[in-house]
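So the sequence lines, in the order shown, correspond to chains A and B. As numbered in this note's numbering, residues 1 to 252 make up the first sequence, in order. As numbered in this note's numbering, residues 1001 to 1605 make up the second sequence, in order. No residue lacks a Cβ here, since even glycine has one placed at the ideal position from N, Cα and C. Computed from a prediction, not measured in an experiment: that's the story for all the values here. Just below is one structure, and these are the notes that go with it.
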Amino acid sequence: MRRILLIHIILLAGIARLAGQTPEERYSRAGELYGSGDYSGAAAIYRQLWEEGYRSGDLLYNTGNAFFKSGDNASAILFYERAKLLAPADEDIDYNLQIARSRITDRFETVPQLFFVRWFDFLSLLASTNAWAVAAFLMFAASLLLALVFLTKARARGRLLSFWLSLASLILAILMVSLAVRNNSLVNHNRRAVITCSIVTGRSAPGETGNELFVLHSGTTVTVEQELGEYREVRLPDGNKGWIGSSCMEKI
Amino acid sequence: MMKRNIAVFAFLLAALLASAQEVTLTVDAPESAAAGERFRIIYTVNSTDGQFTPPKFDASFSVQGPQQSTSRNVQWVNGDVKTISSTTLIYYVVAGTPGNYTIPSAQFETKKVTVSSQEKQIVITAGGSSQGVAGRQQGQSVNAGDSPSSGTDVSMKILLNDREVYAGEPVTGTLKLYTRINLSGIQELKYPDFKGFLKEDIETPPLRSLETEMIDGVQYGTGVIQRFVLYPQISGDLRIDPAEMTVLVQERAGARDPFFDDPFFDSFFSSVSTVPRKIATQPVTVKVKALPEPRPADFHGAVGSFSLESAISGNDAKLNDALTLTVTLRGSGNLNLAGEPAISFPQGIEKYDPKVTVKSTGTASGSKVFEYLLIPRNTGTFDIPPVSYSVFDPKQQKYVTLRAEGYTVNVTGTPGEDQGAAPLYTPGEDVKYIGQDIRFIRNGNAELSSVEVPLVSRMHYWLWFALALILAAVVLLLRREQIRRNADIAGLRNRKAARNARSRLAKANALLKGGKKEEVNAEVARALWGYLGDKLRIPQSEITREKCYAALRERKTGEEFITELDRILTATEYSQYAPVSEGESPAALCSRAAALIGKLDDTLD
């Protein structure tokens, strides 16, 4: 599956290159369009780049801006959320996301996450999944080396130091592995989704038969809890749950 | 009553020609009437003595009357006196529900005879229209809405200049009266509520005289009751409900005599009464089209053809002195509903809500003036941007963007010189936030990276850890083995140290017999150094006296042994470099070394 996707991406990239434009050229072309006021044109190019598999915090941030300016608040929120996963410390993304959120219909009292979860998530997003993974492995290797020193050096003053260093780097390695896993689950297996239909009804059961529970409007961020065919059980920011058709949402 | 007297006189004349008649009862009723419209049923009998029995009217009819009048004519004919009398009974009827009805016959009973009137059929039509009556008008006008409805003597119409308009586009309407009979006045004009429209009356002179107009060959007296302008507010098919009015109709109330049915006598001699009659217009439907989407951002509801201009009171202004910007929208259309243009005045110029005046120059046309009072609060040069104002032109069926000139204002003056003016900005004012927007995009280096497969979700990443662990374990085992082997070599040498030393001493003893003194001493020194190196685990290349003494002291060897060792070593070295036999004999040195090694071997492991 992944291989097919990869081939697809390569093919798309190949077509774009045949058209005589590198991704970087298209990126700056979209920036020019944005500057001249053609927001939907810019959004189309940015989105195309995203679909071809190019990633960067700035790219997603610009995509969100272009969608916002062309009036598509739901897509803007979607891309700002995606951008936040790549650049969690970017304050501009937070600012624009907050403005885009203020323009949507649904209002929720969101319960903030526990501070250590927030910090841990923030820390995990500061580097990419693979950066954390490689760092964790290097730290583990260092821990092993220090352990070898401790175990083989018959008697020396460095013996005790090597023991403590080995222990510390082992703990760091475990932390980095968990950061890598957390980053992977946030970036690649995010369960959150943004509602894209202008209005959609949440029902108590998958299908059209369930009782109507609530009405959502575009731009609202929900968490997908379960999947069944074309339907998704979503959890609203205030904790309520209901089933919505999968065509009405896009995963972050 | 005066008229009635004249009528009496007329009948006196008529009686000259009349002969004695039988008693007859005639009925006069319209063939059709509209539901809710008042009509008359007139019974005439040429007798005054008798009992009139009214017909049984349908239950849905509401009947008023009868209004009864009698006349008596005395005639002299050739000296004979004849008396002709007649009785007229008028019923005013309003039928409630449409349908076909029969008015049954009425009876009149005199002393001699009882007569009956004919039965009459009457068609009650629905809601104000009275069609289907005598096909008087062949080839009726197609534009039925603009001609009076056929079959009625008096009618009223709402005439509109357009039936298909855009929302907001003004429609001029005229409420017009058509009559074929004499009217003495109008009463109780009741307008419908014009649902979905905004109505504006146009000043109309009161109706005093009627004009003559030929419509489909029939002469009507017409008059405009009221003119008005309608502004549709919503789109869709909007129905204008009937307007209602009561007209005062002059009608002859006297007996109808076939010989005197003449307008001349009607006007002068017949008994004329004023009868109120309700008339109503037919409902009119106006098709209102919605304005096309998308609407420009600077569209504020103006529909029509307009022009826009602007003027400013001056290009140079003093600080805190008022300036006036005048924006004039001129043309025809819904001026009243045209909103205020959005002008983004520069910061530093205080703007007040505009004064709006509408000058009308005709039906839905004129000009609307927006007067902005501006007060410069800072010095400098300020640009008042050109005013952009979009209107919808129904003729071109599209939005037209009007532009009026922008201005540059140069504000001079020193702050504070104008005392008593509006409060000046004090230094250190807070930054004013006047809008909110998202932040701009980043146009720097994209630093695009492709999607990477996350390592943590691949098996081989976790195998690296296992591999590293196994590698470390192997290294550890190898290292342990090496240490163990090294330890073994040292132990062997330790154990063999005394034996090696003794064999060297034995060799020295053998050399002693040969008399080679230097070689004996060298061999004794070699035996001692070898022993110390093996026993104390010091490589031969690094061995020195000090190292050996330190190592011996560390192993708690007695000082006397160290002193003895030092003496022997010094002696061997001394004898090596000073061959003259001054010190101990090599044999004694040899035995002392053997004794020392024996003792040392007891204390060292």
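B:Asp-1393 to B:Gly-1333 span [Cα, whole Å]: Start at 1 with the first residue of the second sequence, and residue 1393 of chain B comes out as number 393. Start at 1 with the first residue of the second sequence, and residue 1333 of chain B comes out as number 333. If you take the alpha carbons of B:Asp-1393 and B:Gly-1333, they lie about 9 Å apart.
Cutoff 8 Å: B:Asn-1486 Cβ touching any chain A Cβ: Taking the second sequence and counting its residues from 1, one reaches residue 1486 of chain B at position 486. Not closer than 8 Å to any Cβ of chain A, the Cβ of B:Asn-1486 fails to qualify, so no.
Simplified DSSP assignment, three categories, for B:Gln-1482: Within the second sequence, numbered from 1, the residue matching residue 1482 of chain B stands at position 482. Residue state, collapsed to three classes: helix.
Neighbouring residues, chain B, relative to A:Asp-92 (Cβ below 7 Å): Against the first sequence, residue 92 of chain A aligns to sequence position 92. Chain B residues near A:Asp-92: Arg-1439.
Beta-ladder partner(s) of B:Lys-1199, from DSSP: Working through the second sequence from its first residue, we reach residue 1199 of chain B at position 199. B:Leu-1230.
Test item: CB-CB of B:Thr-1070 and B:Ala-1106 under 8 Å: The sequence position of residue 1070 of chain B within the second sequence is 70, counting from 1. The sequence position of residue 1106 of chain B within the second sequence is 106, counting from 1. No.
Short CB-CB distance (under 8 Å) between B:Asn-1443 and chain A: Position 443 of the second sequence, counted from the first residue, corresponds to residue 1443 of chain B. Closer than 8 Å: yes.
Contact between the stretch 1162-1182 of chain B and the stretch 1385-1405 of chain B (3+ Cβ pairs under 8 Å): yes
Three-state secondary structure assigned by DSSP to B:Thr-1408: Reading the second sequence from its first residue, position 408 is the one you call residue 1408 of chain B. It is a strand residue.
B:Gln-1067 and B:Glu-1109 closer than 8 Å at C-beta: To locate residue 1067 of chain B, count along the second sequence from 1; it is residue 67. To locate residue 1109 of chain B, count along the second sequence from 1; it is residue 109. No.
For B:Arg-1504, the three-state DSSP class (helix, strand or coil): The residue given as residue 1504 of chain B occupies position 504 in the second sequence. B:Arg-1504 falls in the helix class under three-state DSSP.
Within 8 Å, strictly: CB atoms of A:Leu-186 and A:Ser-124: Taking the first sequence and counting its residues from 1, one reaches residue 186 of chain A at position 186. Taking the first sequence and counting its residues from 1, one reaches residue 124 of chain A at position 124. Contact flag set, yes.
Chain A contact for B:Val-1391 (CB, 8 Å cutoff): Stepping through the second sequence from its first residue, residue 1391 of chain B is reached at position 391. No - not a single Cβ of chain A is within 8 Å of the one on B:Val-1391.
Short CB-CB distance (under 8 Å) between B:Pro-1454 and chain A: As a first step, residue 1454 of chain B is located in the second sequence; it is residue number 454 there, counting from the start. Cβ-Cβ to chain A under 8 Å: yes for B:Pro-1454.
Inter-residue Cα distance where the pair is B:Phe-1260 and B:Val-1249: Stepping through the second sequence from its first residue, residue 1260 of chain B is reached at position 260. Stepping through the second sequence from its first residue, residue 1249 of chain B is reached at position 249. Reliability fails at B:Phe-1260, whose pLDDT of 49 lies under 50, so the model's placement of it is uncertain and the value that follows must be treated cautiously. If I take the Cα positions, the gap works out to 21 Å.
Pair within 8 Å by beta-carbon distance, B:Arg-1180 and B:Asp-1201: Here residue 1180 of chain B is taken as the residue at index 180 of the second sequence, counted from 1. Here residue 1201 of chain B is taken as the residue at index 201 of the second sequence, counted from 1. The answer is no: Cβ separation not under 8 Å.
Rounded Cβ spacing between A:Gly-245 and A:Glu-230 (contact assumed at less than 8 Å): Locating residue 245 of chain A in the first sequence gives position 245, counting from the first residue. Locating residue 230 of chain A in the first sequence gives position 230, counting from the first residue. The pair is a contact, with the Cβ atoms about 6 Å apart (cut-off 8 Å).
C-beta atoms of B:Ala-1338 and B:Leu-1329 nearer than 8 Å: Along the second sequence, one-based indexing puts residue 1338 of chain B at 338. Along the second sequence, one-based indexing puts residue 1329 of chain B at 329. Yes; because the gap between Cβ atoms is below 8 Å, this pair is in contact.
Beta strand (DSSP E) segments (min. 3 residues) lying fully within the stretch 1320-1368 of chain B: 1323-1333, 1349-1351 and 1355-1362
Classification of B:Gly-1310 by the beta-carbon crowding that lies within 10 angstroms, buried from 16 upward: As a position in the second sequence, residue 1310 of chain B is number 310, starting the count at 1. Looking at the sequence provided, one finds Ser at residue 1310 of chain B rather than Gly. So B:Ser-1310 ends up on the buried side.
Under 7 Å by beta carbon: chain B residues contacting A:Tyr-95: Indexing the first sequence from 1 puts residue 95 of chain A at position 95. Here the neighbours are Arg-1439.
Coarse secondary structure for B:Asp-1418, derived from DSSP in three states: The count along the second sequence starts at 1 and reaches residue 1418 of chain B at position 418. Any answer about B:Asp-1418 is weak, because its pLDDT of 48 lies below 50 and its placement is not dependable; what the coordinates show is given next. B:Asp-1418: coil per DSSP, three-state reduction.
Euclidean distance between Cα positions of B:Thr-1174 and B:Gln-1396: Taking the second sequence and counting its residues from 1, one reaches residue 1174 of chain B at position 174. Taking the second sequence and counting its residues from 1, one reaches residue 1396 of chain B at position 396. Distance between the alpha carbons of B:Thr-1174 and B:Gln-1396: 26 Å.
Backbone secondary structure at B:Ala-1595 - three-state DSSP: If you number the second sequence from 1, residue 1595 of chain B lands on position 595. In this structure, B:Ala-1595 counts as helix in the three-state DSSP scheme.
Three-state secondary structure (DSSP) of B:Ser-1184: Along the second sequence, read from residue 1 onward, the residue named residue 1184 of chain B stands at position 184. Three-state result, B:Ser-1184: strand.
Under the three-state DSSP convention, the category B:His-1460 falls into: Indexing the second sequence from 1 puts residue 1460 of chain B at position 460. The answer is helix: DSSP assigns B:His-1460 an H, G or I state.
Neighbouring residues, chain B, relative to A:Val-181 (Cβ below 7 Å): The count along the first sequence starts at 1 and reaches residue 181 of chain A at position 181. Correct list: Val-1456.
Own chain, CB closer than 7 Å to A:Leu-179, minus 5 neighbours either side, in chain order: On the first sequence, position 179 is the one that residue 179 of chain A refers to. So the qualifying residues of the chain are Leu-123, Ser-124 and Trp-132.
Beta-carbon proximity list for A:Arg-235, same chain, < 6 Å, skipping 5 on both sides: Residue numbering aside, residue 235 of chain A sits at position 235 when the first sequence is read from its first letter. Answer for A:Arg-235: Thr-223, Glu-225 and Lys-241, listed in chain order.
Beta-carbon proximity of A:Lys-251 to A:Asn-190, cut-off 8 Å: The residue you call residue 251 of chain A lines up with position 251 of the first sequence. The residue you call residue 190 of chain A lines up with position 190 of the first sequence. Going by C-beta atoms, A:Lys-251 is nearer than 8 Å to A:Asn-190.
Any non-hydrogen atom of the ligand SAM within 7 Å of B:Ser-1388 CB: Because no ligand of any kind appears in the structure shown, any question about the ligand SAM cannot be addressed here.
For A:Ser-124, the first and last residue of its enclosing beta strand (DSSP E): One-based indexing of the first sequence puts residue 124 of chain A at position 124. From DSSP, A:Ser-124 is part of no beta strand (DSSP E) but of the alpha helix (DSSP H) over 115-125.
Cross-chain neighbours of A:Asn-62 in chain B, by beta carbon under 7 Å: What you label residue 62 of chain A is simply residue 62 of the first sequence in a count that begins at 1. The contacting residues are Ile-1441 and Arg-1442.
Straight-line Cα distance separating A:Val-134 from A:Trp-50: Within the first sequence, the letter at position 50 stands for residue 50 of chain A. Within the first sequence, the letter at position 134 stands for residue 134 of chain A. The alpha-carbon atoms of A:Trp-50 and A:Val-134 are separated by roughly 25 Å.
Option in B:Phe-1197, B:Asp-1193, B:Gly-1185 and B:Lys-1199 with minimal Cα separation from B:Arg-1208: Indexing the second sequence from 1 puts residue 1208 of chain B at position 208. Selected option, being the one with the closest Cα: B:Gly-1185.
Pairwise C-alpha distance: B:Ala-1510 and B:Tyr-1531: Sequence index remark: in the second sequence, residue 1531 of chain B carries index 531 (1-based). Sequence index remark: in the second sequence, residue 1510 of chain B carries index 510 (1-based). C-alpha separation (whole angstroms): 19 Å.
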